[in-house]
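Written below as structure tokens is the structure these notes are about.
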Amino acid sequence: MAFPYYVSPEQMMQDKAEYAKKGIAKGRSIIAMEYQDGILMVADNPSVSLNKISEIYDAIAFLGAGKYSEFENLRKAGIRHADLKGYMYSREDVTAKSLANAYSQALGTTFSQEVKPLEVEIAVVAVGESGPTGEIYRISFDGSITDERGVTVIGGRSEAVTLFLKDRYKGGLSLSDALMLCKEAIENSSGQKLTVQTMEVAVLDRNREGRKFRRLTADEVTELVQQR
Amino acid sequence: MDFKFNNPFQDSGSSFYDWLSANHPDALPGGRLRAEEGGNEGRRSSMVPHGTTVLALKYRDGVIIAGDRMATEGYQVSARRIEKVYKVDEHSAIAIAGAAGPCIELAKLFQTELEHYEKLEGAELSTDGKANKLSQMVKGNLPMAFQGLVVIPIFVGYDLKRNEGRIFKYDITGGRYEEADYFSTGSGGKDARTTMKKLYQPGLNETEAVRTALEALYDAAEEDIGTGGPDLIRGIYPTVKTVTVKGVLDIDENPIRQFVERLMETRKRGS
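Respectively, the protein sequence lines represent chains A and B. Here this note's numbering is used: the first residue of the first sequence is 183, the next is one more, and so on. Here this note's numbering is used: the first residue of the second sequence is 275, the next is one more, and so on.
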């Protein structure tokens, strides 16, 4: 007589977590960092069209690390969530907090109920109307959510990058200083030089009218890097 | 959060309108009204505010889009300051005539639709794509149109690929027709068209084009009781926007007031 396998819930969760972590660590790191005019987002991404950084709503952006197909689905769901809310209520009622919570619920449910967890780590960032009042939420594969101050790193060897930034990051950086710091941090952890072609850079600039999200072109990035 | 791993070839793709229709049909313009039986032609028509005359005409740099500010409820004025011309994205605008409520809702939904597509796909829709999508949305309004809640938009866009302004008109079934020079719709649409027919020339400059648009609206207000003329006492003037390569810009109230005053002076002298 064959015995059904027994796996303790503890063991099952641990296995899932390990599996997800492995998938996420394979990728490259992405940084979101507050600078003087808003939030800068930098990803080590050789692809021009498959983005890791995206606009969600007026002042809200999304960063995804791990498996592309999985975080792309999450990104789309987030845009639907935000657009629906903005359409039903008002543009100002779309908040990063509510979106981050929705993500946390979705990831948490998938982690506990599905056989395969999502191999993703995402961040939801939002820039405030005035002053340094940005919001940065990091959400893990299991739905756990952390509210970060100033800077966050997802994907790849995120701990190493965070450690590198810990002493070097300070508030009120200029755009070019912040960009250089992100570049150094990613280079330091991967041991490879980052070129303009392999960098995906975007900002949430609070000085912009309406939609704050903007991608920086390769030329703009080159110019910013050369300013130093 | 609506989060499922759908087959992307079967789900609603990048359209907010299609997704809303499938998941939240009550939130569409008209909502539950759509589901009601027809056969009550026009019965709601006099119960709700109606927006009246809107127009668009091409000029050297792109397109002018304009509208009066009045809404009527049967023979009554229901609003004097209503807005009928909306910017929908960086390079397109919409002006709507018909039942005010569904019109404003449709404009808002269309704005969301274009922004949604742009964010999901990472690229803007083509001008033809936008015009087609609007056609489907107007078609979706057909059951309501049979109940008297008609929504008739004019869509204008600056086509960055062709480097020219374009004008599209619609009928209640969603029929979409491109206009070469100018168009006007709403209760005073015919009168405004007559004026534009006389004054329009290809390659007008901005000042001439704005003057033509204002004169057309002025004539519509004279001939049609539903169209509001310039209200000098309350300081209400028509809305005029330009749609060019630089984007959608409002013409300020000051120059519009000056145009209108000059126009009225000329008419007083009887020319």
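Just so you know, even glycine gets a beta-carbon here, dropped at the ideal spot from N, CA and C.
Item: Simplified DSSP state of M215(A), which is helix, strand or coil; Value: strand
Item: Interface partners of F429(B) on chain A, CB under 7 angstroms; Value: Residues of chain A passing the Cβ test: none, with the nearest at roughly 19 angstroms.
Item: Length of the line joining the Cα atoms of V189(A) and E296(A); Value: 15 angstroms
Item: Residue range of the unbroken alpha helix (DSSP H) whose run includes F442(B); Value: Run containing F442(B): none in the alpha helix (DSSP H); it sits in the beta strand (DSSP E), E438 to Y444.
Item: Proximity to N227(A) [Cα-Cα], best of V385(A), Q408(A) and G338(A); Value: G338(A)
Item: Strand pairing of L329(B), partner residues [DSSP]; Value: A340(B) and S458(B)
Item: Spatial neighbours of G341(B) in its chain, beta-carbon cut-off 6 angstroms, leaving aside the 5 residues before and after; Value: V328, K358, V359, A369 and T513
Item: Beta-carbon contacts of F290(B) that lie in its chain and below 6 angstroms, excluding the five residues immediately before and after; Value: T386, E387 and H390
Item: Chain B residues whose Cβ lies nearer than 7 angstroms to that of N233(A); Value: G396
Item: Under the three-state DSSP convention, the category Q287(A) falls into; Value: helix
Item: Interface residues of the region 372 to 403 of chain B facing chain A [CB-CB below 8 angstroms]; Value: K382, L383, T386, E389, H390, K393, L394 and G396
Item: Whole-angstrom distance between M223(A) and D324(A), CA atom to CA atom; Value: 23 angstroms
Item: Helix, strand or coil at K471(B) [DSSP, three-state]; Value: helix
Item: Chain A residues whose Cβ lies nearer than 9 angstroms to that of A296(B); Value: By Cβ distance, chain A contributes nothing, its closest Cβ being about 11 angstroms from A296(B), past 9 angstroms.
Item: Which residues DSSP lists as bridging M321(B), in chain order; Value: None; M321(B) has no bridge partner.
Item: Through-space distance from T292(A) to S286(A), alpha-carbon basis; Value: 10 angstroms
Item: Buried or exposed (CB count within 10 angstroms, at least 16 for buried), D401(A); Value: exposed
Item: Cut-off 6 angstroms between Cβ atoms - residues of its own chain near R210(A), not counting five sequence neighbours on either side; Value: D226 and G338
Item: Contained beta strand (DSSP E) runs [length at least 3] in the region 500 to 540 of chain B, N- to C-terminal order; Value: 513 to 518 and 521 to 524
Item: Within 8 angstroms, strictly: CB atoms of A243(A) and S236(A); Value: yes
Item: For E303(A): DSSP bridge partner residues; Value: A247(A)
Item: Where R262(A) meets chain B, residues with beta-carbon distance less than 8 angstroms; Value: D276, F290, W293 and H390
Item: Residue ranges of each alpha helix (DSSP H) within the region 333 to 398 of chain B, 4 or longer; Value: 374 to 395
Item: Short-range partners of chain B found in the region 246 to 274 of chain A, where Cβ spacing is below 8 angstroms; Value: N255, L256, K258, A259, G260, I261, R262, H263, D265, L266, G268, Y269 and M270
Item: Beta-bridge pairing of D329(A) - partner residues as DSSP gives them; Value: Y319(A)
Item: Neighbour flag for A490(B) against chain A, beta carbons, 8 angstroms; Value: no
Item: Min CB distance E237(A) to chain B below 8 angstroms; Value: yes
Item: Inter-residue spacing [alpha-carbon to alpha-carbon] between E438(B) and G260(A); Value: 35 angstroms
Item: For Y291(B), three-class secondary structure by DSSP; Value: helix
Item: Below-8 angstroms beta-carbon distance, A367(B) vs any chain A residue; Value: no
Item: Candidates L383(B), V425(B), K413(B) and R440(B): closest to D402(B) by CA position; Value: R440(B)
Item: Distance between T346(B) and I507(B) (C-alpha atoms, nearest Å); Value: 19 angstroms
Item: Terminal residues of the alpha helix (DSSP H) in which V412(B) lies; Value: T401 to G414
Item: Residue span of the beta strand (DSSP E) that contains V383(A), given as start and end; Value: M381 to D387
Item: Contact under 8 angstroms by Cβ, Y511(B) with I499(B); Value: no
Item: Among Y333(B), E395(B) and I428(B), nearest to G287(B) - alpha-carbon criterion; Value: E395(B)
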